[in-house]
Amino acid sequence: MSYPFYAAFRKVRRMLGFVPRAPDEKVVEKEEEKQNISISINNQNTDTMSMFNYGVGGNEVKVDANEAIQDIQENKTLLAAKLTGDDPVTPEIITGLRTVEDVFRYFRPSIEVEHETADGQSRKEEFNFKNLGDFTPQGITQQSTYLKEMSLQQEQYNTIIRQIKTNKVLRALLENAESKEAFIKALKAVATELQSA
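In the numbering used here, the protein residues as written are 6 to 202.
Below, the structure is given as C-alpha cells:
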C-alpha cells in the first residue's frame with residue numbers, strides 16, 4: 006500500500022536538509038490494522054444508523070464558541086443619557102470612584118424638565134438623582150409636585166372606574182340619560198359647595 010503522505014513528507018524533509026529514513030515495517034502494519042478496524046466499525050455503524058445520533062452514555066452537547074460573552078439579562082436596562090444640564094469644559098478622567106454611590110456623590114446628576122399641563126401652561130421642575138432608586142417612577146414622582154398631583158388624579162379616576170364596574174346601582178343610574186344628568190348636576194353642586202367652603 007502506498008502512502009502519499011509519507012512521500013510528500015519525505016520530499017519536504019529532503020528540501021529542508023533532513024536525511025530520509027524508511028518507515029518501520031511494524032509501524033506501517035499497525036497503521037494498516039487501525040485503518041482496517043476503523044473502516045469495519047464505520048461500515049457497521051452505517052448499516053444500523055438510526056434517525057438520531059444517540060450513543061452509549063448520552064448525547065454530545067456542542068460547546069458554543071461565544072461562551073465567554075454573556076448576553077445581557079432581559080430584566081436589565083442600560084441608561085445612557087446626559088443627566089446634567091451643564092456641559093464639561095474639558096473632558097476629564099475621574100479615578101477612585103468605587104461604588105455607584107460615589108459616582109452619584111461626585112457628579113450630582115440633575116436635570117430640569119418642563120411639564121405641559123392640561124390647560125396648556127408649562128411648569129418647570131428640577132430632578133436631582135442621589136441613587137438608582139431616584140430613577141424609578143416612584144422616585145421621580147416623589148420629587149415633583151406636578152407628578153404627585155397627576156398621580157393622585159389617576160388614583161381617583163381608577164377608584165371611580167372600579168366603582169362603576171362593581172356597583173350595579175351606580176351603573177344603572179349612569180345608563181339612563183335623565184338620571185345621569187341629574188347625578189352630574191348633584192356632583193357639580195357638591196363641588197361648588199366644597200370650593201366655597
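By construction, the Cβ of each residue, glycine as well, lies at the ideal position given by its N, Cα and C atoms.
Figure out for me which residue from Asn136, Thr141, Phe140, Tyr151 has the closest Cα to the Cα of Gln126. For the purposes of this step, residue 126 is identified with residue 121 of the sequence shown, where counting begins at 1. Selected option, being the one with the closest Cα: Tyr151.
In chain order, what residues of the same chain have a beta carbon less than 8 angstroms from the beta carbon of Asp139, not counting five sequence neighbours either side? Reading the sequence shown from its first residue, position 134 is the one you call residue 139. The beta carbon of Asp139 sits closer than 8 angstroms to the beta carbons of Phe132, Asn133, Ile145, Gln148 from its chain, once the five residues preceding and following it are set aside; these are given in chain order.
Using DSSP with H/G/I as helix, E/B as strand and the rest coil, what is Ile98? As a working note, residue 98 is residue 93 in the sequence shown. If DSSP states are grouped into helix, strand and coil, Ile98 belongs with coil.
DSSP three-state assignment for Lys173, whether helix, strand or coil: Your numbering for residue 173 matches position 168 in the sequence shown. In the three-state DSSP reduction, Lys173 falls in the helix class (H, G or I).
State the CB to CB distance for the pair Leu137 and Val105, rounded to an integer number of angstroms; the pair is presumed to be in contact (CB under 8 angstroms). As a first step, residue 137 must be located in the sequence shown, where it is residue number 132. As a first step, residue 105 must be located in the sequence shown, where it is residue number 100. The distance from the Cβ of Leu137 to that of Val105 is about 6 angstroms, consistent with a contact at the 8 angstroms cut-off.
Collapsed DSSP secondary structure at Phe134 in the structure displayed: For the purposes of this step, residue 134 is taken as residue 129 along the sequence shown, with counting starting at 1. DSSP places Phe134 in coil when its eight states are reduced to three.
So, under 8 angstroms CB-CB, Leu178 and Lys185 are touching, yes? Tell me the CB distance rounded to an integer number of Å. The count along the sequence shown starts at 1 and reaches residue 178 at position 173. The count along the sequence shown starts at 1 and reaches residue 185 at position 180. Contact between Leu178 and Lys185 is confirmed by a C-beta separation of about 7 angstroms, below the 8 angstroms threshold.
Excluding the 5 residues preceding and the 5 following Lys153 in the sequence, name in chain order all residues of the same chain whose CB lies nearer than 7 angstroms to its CB. Counting from one through the sequence shown, the residue named residue 153 turns up at place 148. Cβ neighbours of Lys153 beyond the five flanking positions: Thr146.
Does Asn48 pass the burial test, meaning 16 or more other C-beta atoms within 10 Å, or should it be called exposed? Indexing the sequence shown from 1 puts residue 48 at position 43. Because Asn48 sits at a pLDDT of 49, beneath the cut-off of 50, its placement in the model cannot be relied upon, and the following sentence gives the value as read from the coordinates. So Asn48 counts as exposed.
Ala202 to Asp91 span [Cα, whole Å]: The sequence position of residue 202 within the sequence shown is 197, counting from 1. The sequence position of residue 91 within the sequence shown is 86, counting from 1. Their Cα atoms are separated by approximately 47 angstroms.
For Val118, which beta-bridge partners are listed by DSSP? Numbered from its first residue, the sequence shown carries residue 118 at position 113. Looking at the DSSP assignment, Val118 forms a beta bridge with Glu130.
What is the rounded straight-line gap between the Cα of Pro114 and the Cα of Lys135? Position 109 of the sequence shown holds residue 114. Position 130 of the sequence shown holds residue 135. Between Pro114 and Lys135, the C-alpha separation is close to 8 angstroms.
My output table needs one value for Asn80: the three-state DSSP class, helix, strand or coil. What you label residue 80 is simply residue 75 of the sequence shown in a count that begins at 1. Coil, per DSSP.
What three-state label does DSSP hand Arg167 in the structure shown? Against the sequence shown, residue 167 aligns to sequence position 162. Shown here, Arg167 sits in a helix according to DSSP, grouped into three states.
State the DSSP-derived secondary structure class of Ala1, mapped to helix, strand or coil. Nothing about residue 1 can be reported from this structure: the residues present for the chain run from 6 to 202 only.
Return yes when the Cβ of Lys129 is within less than 7 angstroms of the Cβ of Glu119, no when it is not. For this step, residue 119 is matched to residue 114 along the sequence shown. For this step, residue 129 is matched to residue 124 along the sequence shown. It is a contact, given that the beta carbons lie within the stated cut-off.
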